[in-house]
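Numbering of the sequence shown is given in full-length UniProt numbering, commencing with residue 1 and proceeding in unit increments. Think of the CB as a built atom: it goes at the ideal place given N, C-alpha and C, for glycine as much as any other residue. Take a look at the structure below.
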Amino acid sequence: MSGFRLIDLPSPNHGPRRAGAAIDMLVLHYTGMRTAEEALERLCDPAAEVSAHYVIDEDGTLYRLVREDRRAWHAGRSFWRGERDINSRSIGIELVNPGHAFGYRPFPEAQMATLESLAAELVAHYRIPPLHVLGHSDVAPARKEDPGELFDWARLARAGIGAWPEPTADDSGPWTGAEAAALLEAIGYEPLPAPGTAWDGTAWDGTAGQALTAFRRHWHPAALSAPQRPDAGDVCRLRALARIAAVA
């Protein structure tokens with residue numbers, strides 16, 4: 001580790017990774033608590049049964065809570081690209097931020113700089129594919145909304161961490177709700193309602209709508225206030241991401 005202040009603060013909340021599970025995911029969270037102290041206390045509390053490999057404070061200080069070879073308890077019930085035991089295949093990083101419940105705010109430069117340096121090392125070391133750099137809301141859209149719409153995913157992608165494709169003219173054109181649903185599945189979200197579902201808007205009230213909202217938080221935050229059904233901008237970005245998924 002280099003380029004940031006590292007403090008070891010071991011948490012008892014971890015276990016063995018599932019036999020044969022290779023680390024190939026990076027999952028980002030926010031702490032969603034009022035202070036860093038509260039978050040660190042909870043992540044190290046055996047009764048809480050939750051942890052992460054790393055925590056990054058707003059001033060850029062990096063805490064290491066769980067060794068990378070151990071399975072931290074950060075993702076919970078989750079899914080991505082066919083995998084349900086995300087904890088066994090991932091490194092979890094918590095970013096100190098009060099979250100939507102306590103005054104959600106942008107992530108400071110010092111915090112982002114530390115994250116960028118750490119994530120670059122992890123992605124290179126574990127050869128983590130672009131579509132495996134995710135938010136908690138991506139792998140658990142029914143339960144989570146972190147790190148949220150203020151997180152700068154584009155910045156990470158410019159540093160070679162994750163995916164932020166710019167749609168091209170080839171990504172525009174006619175589309176259907178059924179195609180949007182298929183594209184959400186293609187990039188990694190949990191399977192949506194059966195193909196026979198009428199994608200007329202009402203279908204987006206349940207799990208499909210949750211996946212769409214998670215997608216928007218990560219890749220199309222400008223559309224978060226739009227109706228909970230796909231629009232042309234969503235589909236353009238989904239098509240661009242699907243090209244990445246096809247070769248991953």
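Secondary structure of residue 161 (DSSP, three-state): coil. By the neighbour-count criterion, in which 16 or more other beta carbons inside 10 Å mark a residue as buried, residue 29 falls on the buried side. In this structure, residue 74 and residue 135 do not form a Cβ contact; the two beta carbons are roughly 12 Å apart against a cut-off of 8 Å. Residue pairing of residue 25 in beta bridges, as defined by DSSP: 90. Your pair residue 27 and residue 86 checks out as a contact, with CB atoms roughly 7 Å apart and the cut at 8 Å. For residue 185, the closest of 156, 139, 151 and 158 by C-alpha to C-alpha distance is 139. By a beta-carbon distance limit of 8 Å, residue 236 does not contact residue 137. Their separation comes to about 21 Å. Fewer than three Cβ pairs drawn from the segment 204 to 217 and the segment 155 to 165 lie within less than 8 Å of each other, which leaves the two stretches out of contact. Here residue 88 has 17, 18, 21 and 71 as same chain residues with Cβ atoms under 6 Å from its own Cβ, once five neighbours each way along the sequence are excluded.
In the displayed model, residue 136 falls within a helix according to three-state DSSP. A distance below 8 Å separates the beta carbons of residue 189 and residue 141. Within the UniProt domain "N-acetylmuramoyl-L-alanine amidase" (11 to 148), the beta strand (DSSP E) runs of at least 3 residues that lie entirely inside it are, in chain order, 14 to 16, 25 to 30, 54 to 56, 62 to 64, 70 to 72, 90 to 95 and 133 to 135. Just measuring C-alpha positions, the residue of 15, 31, 175 and 131 sitting nearest residue 144 is 31.
Ranked by how close their Cα comes to the Cα of residue 98, the residues 234, 37, 192 and 178 have 37 in first place.
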